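Q: Quick one: the structure is below, and I'll ask about it shortly.
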Amino acid sequence: MLTSVNTMERPIAPSEFRAHSAVYREATSQTGKPNVSSTTKDWTAHIIAIRDKQDQVAFADLFAHFAPRVKGFLMKSGADASLAEECTQEVMATLWRKAHMFDPARASVATWIFTIARNKKIDALRKMRRPEPEDLPWGPEAEPDQADAIGLRQETEQLADAIKQLPDKQRKLIEQAYFGDLSHSEIAEITGLPLGTIKSRIRLALDRLRHAMN
Amino acid sequence: MINHHLTPELMMAYSAGTLPEAFALVVATHVSMCDGCRAEIDSFDAVGGCMVEDARAAALSVDSLEATMRLIAQGPATTKQMPRLSSGTLPSPLQDYVGGDLDAIKWRSIGMGVKQAILPTSSDATARLLYIPAGSAVPDHGHRGTELTLVLQGAFSDDEDRFARGDVEVANEDLQHTPVADIGMDCICLAATDAPLKFNAFIPRLAQRFLRI
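Same order as they appear, the protein sequences are chains A and B.
The opening residue of the first sequence carries number 1 in my numbering; numbering runs sequentially from there.
The opening residue of the second sequence carries number 215 in my numbering; numbering runs sequentially from there.
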């Protein structure tokens, strides 16, 4: 049974759906190897708009970009098209519901969506529980440090560029590790990822917040 | 002060979501006590974010967005959950499996004062809590696969090093060891294996079948 969307502040007009279909086409026509020089868009403002205003236009925009990628990710992880579609819709609905949990000092929007999709994959494809670490004592409501958020964003972009510039063989190995058809010992070969700066950035944000708590 | 951390391979596989549940439980429990490994796993998640960003886009069904909006409208309202924080000895992810703190563990004796409690995880690996009385040893054993041992209380030493609360020992097939608990305090560990342990004495090997160790 379908309920109407009258719990929302404002339903999306059909014209707005059409306006977004151009973005949708752009996203779906993308093929395999990504462009090295492309700067990834920052979607943080979209999440804030969803969190604070239940902004359906911002959501549609985010959906057009990420939903096809999440579905592609799930299909590559072994889901058939209909299961991947179902899971993608659930992942995107989770994004709406958990918008208040997003912390830009610790993750980019793409990273955060990855973790939601990954958890869905474990639940729906591997059919097991996912033990999650204890929450941090300051909880998700603390205001993230702006400098940390900006620094993290820059370092995430550097990481994305570094991954794109890896030799094909190594990039394929990383993909296999994340799409789930790589053994533990094979993963050992690929841990030379350029993660140093991003790790210290996250560590810094954690230290700063822990300090603020004391 | 934690001195023994997770390996990058374990953290990457946890981030990718490909570990057996028992190993993932050890990782989540260690990370609950270790900011360094938490930051490192967050950075592996960033690699996953790049994988999603670069994923080949799949065509969605025509009403995908509308269907998602219906899911949102039907689903629970945005829930503000209280952070999961443990005040006891066992970090929250482990309490989720035990159903409480230390006093909720259903121990079964496996001889010489050593006790264990097997936790319910997927069958590709086994997670168990081990209770080693102060000063006692776990029988000399080797491993067929990988064994992760995370100390929750007290400390133990083996041929390799000393391991205290928060420390994790990653043992593979090459390691033959006899962990001995420190004198001062009974030692409680979380151990995960993806293959049965190999004991060197005949009796424990026989007992293994009955005790599932």
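No residue lacks a Cβ here, since even glycine has one placed at the ideal position from N, Cα and C.
Every value quoted in this text rests on a predicted model; they were computed, and no experiment measured them.
Measure the beta-carbon distance from residue 69 of chain A to residue 266 of chain B and round it to whole angstroms, keeping in mind my assumption that it falls under 8 Å.
A: Taking the first residue of the first sequence as 1, we reach residue 69 of chain A at position 69. Taking the first residue of the second sequence as 1, we reach residue 266 of chain B at position 52. Sure, about 5 Å apart at Cβ, within 8 Å.
Q: From B:308, B:223, B:366, B:375, pick the residue whose C-alpha is nearest to that of residue 400 of chain B; which is it?
A: Reading the second sequence from its first residue, position 186 is the one you call residue 400 of chain B. The option with the nearest alpha carbon to residue 400 of chain B is B:366.
Q: Thinking C-alpha only, which one of A:41, A:85, A:114 is nearest residue 276 of chain B?
A: Numbered from 1 along the second sequence, position 62 holds the residue referred to as residue 276 of chain B. For residue 276 of chain B, the nearest C-alpha among the options comes from A:85.
Q: Kindly provide the ranges of any alpha helix (DSSP H) runs that are 4 or more residues long and lie completely inside the segment 285 to 370 of chain B, ordered along the chain.
A: 306 to 312
Q: Pull up the CB-CB distance for residue 226 of chain B and residue 160 of chain A, whole angstroms please, since I reckon it's below 8 Å.
A: For the purposes of this step, residue 226 of chain B is taken as residue 12 along the second sequence, with counting starting at 1. For the purposes of this step, residue 160 of chain A is taken as residue 160 along the first sequence, with counting starting at 1. Going by Cβ atoms, the distance from residue 226 of chain B to residue 160 of chain A rounds to 17 Å, so no, they are not a contact pair.
Q: DSSP three-state label for residue 276 of chain B, please.
A: In the second sequence, residue 276 of chain B corresponds to position 62, counting from 1. Coil, per DSSP.
Q: Residue 316 of chain B: which of B:289, B:350, B:344, B:338 sits nearest, CA to CA?
A: Indexing the second sequence from 1 puts residue 316 of chain B at position 102. Among B:289, B:350, B:344, B:338, the Cα nearest to that of residue 316 of chain B belongs to B:344.
Q: Could you tell me whether the Cβ of residue 194 of chain B comes closer than 8 Å to any Cβ of chain A?
A: The requested residue 194 of chain B is not part of the displayed model; chain B covers only 215 to 427.
Q: Just grab the DSSP bridge partners of residue 237 of chain B for me.
A: Walking along the second sequence from the start, residue 237 of chain B turns up at place 23. Note: residue 237 of chain B sits in no beta bridge, so no partner.
Q: Just to confirm, are residue 251 of chain B and residue 219 of chain B a CB contact at a threshold of 8 Å?
A: For the purposes of this step, residue 251 of chain B is taken as the residue at position 37 of the second sequence. For the purposes of this step, residue 219 of chain B is taken as the residue at position 5 of the second sequence. Contact flag set, yes.
Q: When Cβ atoms are compared, which residues of the segment 86 to 100 of chain A fall closer than 8 Å to chain B?
A: 88, 89, 90, 92, 93, 96, 97, 98, 99, 100
Q: Is DSSP giving residue 102 of chain A helix, strand or coil here?
A: Taking the first residue of the first sequence as position 1, residue 102 of chain A is located at position 102. In this structure, DSSP gives residue 102 of chain A a state outside helix and strand, which the three-state scheme calls coil.
Q: Can you confirm whether residue 416 of chain B, when its beta carbon is compared against all beta carbons of chain A, has any partner nearer than 8 Å?
A: The residue you call residue 416 of chain B lines up with position 202 of the second sequence. Unreliable placement is indicated for residue 416 of chain B, whose pLDDT of 47 sits below 50; no coordinate value is reported for it.
Q: Using the rule of at least 16 other Cβ atoms within 10 Å of the residue's Cβ for burial, across every protein chain shown, is residue 127 of chain A buried or exposed?
A: Here residue 127 of chain A refers to the residue found at position 127 when the first sequence is read from its first residue. It counts as exposed.
Q: Taking 8 Å as the threshold (beta carbon to beta carbon), is residue 57 of chain A in contact with chain B?
A: The count along the first sequence starts at 1 and reaches residue 57 of chain A at position 57. Chain B, which has no Cβ nearer than 8 Å to the Cβ of residue 57 of chain A, makes this no.
Q: Buried or exposed for residue 309 of chain B, going by 16 or more other Cβ atoms inside 10 Å?
A: The residue given as residue 309 of chain B occupies position 95 in the second sequence. Buried, because 16 or more other Cβ atoms sit within 10 Å of the Cβ of residue 309 of chain B.
Q: Any beta carbon from chain B within less than 8 Å of residue 45 of chain A's own beta carbon?
A: Numbered from 1 along the first sequence, position 45 holds the residue referred to as residue 45 of chain A. Not an interface residue.
Q: Can you tell me the Cα-Cα spacing of residue 67 of chain A and residue 82 of chain A, whole angstroms?
A: What you label residue 67 of chain A is simply residue 67 of the first sequence in a count that begins at 1. What you label residue 82 of chain A is simply residue 82 of the first sequence in a count that begins at 1. If you take the alpha carbons of residue 67 of chain A and residue 82 of chain A, they lie about 14 Å apart.
Q: Could you please give me the residues that DSSP links to residue 383 of chain B through a beta bridge?
A: Position 169 of the second sequence, counted from the first residue, corresponds to residue 383 of chain B. Paired residues: B:363.
Q: What is the DSSP secondary structure of residue 397 of chain B, reduced to helix, strand or coil?
A: The residue labelled residue 397 of chain B in the question sits at position 183 within the second sequence. In the three-state DSSP reduction, residue 397 of chain B falls in the coil class, being neither helix nor strand.
Q: List, in chain order, every chain A residue whose beta-carbon is nearer than 7 Å to that of residue 259 of chain B.
A: By 1-based counting over the second sequence, the position of residue 259 of chain B is 45. The contact set of residue 259 of chain B on chain A, defined by CB atoms closer than 7 Å, consists of 107, 111, 114, 115 in chain order.
Q: With a floor of 3 residues, list each beta strand (DSSP E) that falls wholly inside the segment 245 to 275 of chain B, ordered by position along the chain.
A: none
Q: Which whole-angstrom value is the C-beta distance of residue 318 of chain B and residue 72 of chain A, which I expect to be below 8 Å?
A: Translated into the one-based positions of the second sequence, residue 318 of chain B becomes position 104. Translated into the one-based positions of the first sequence, residue 72 of chain A becomes position 72. About 43 Å; that fails the 8 Å criterion.
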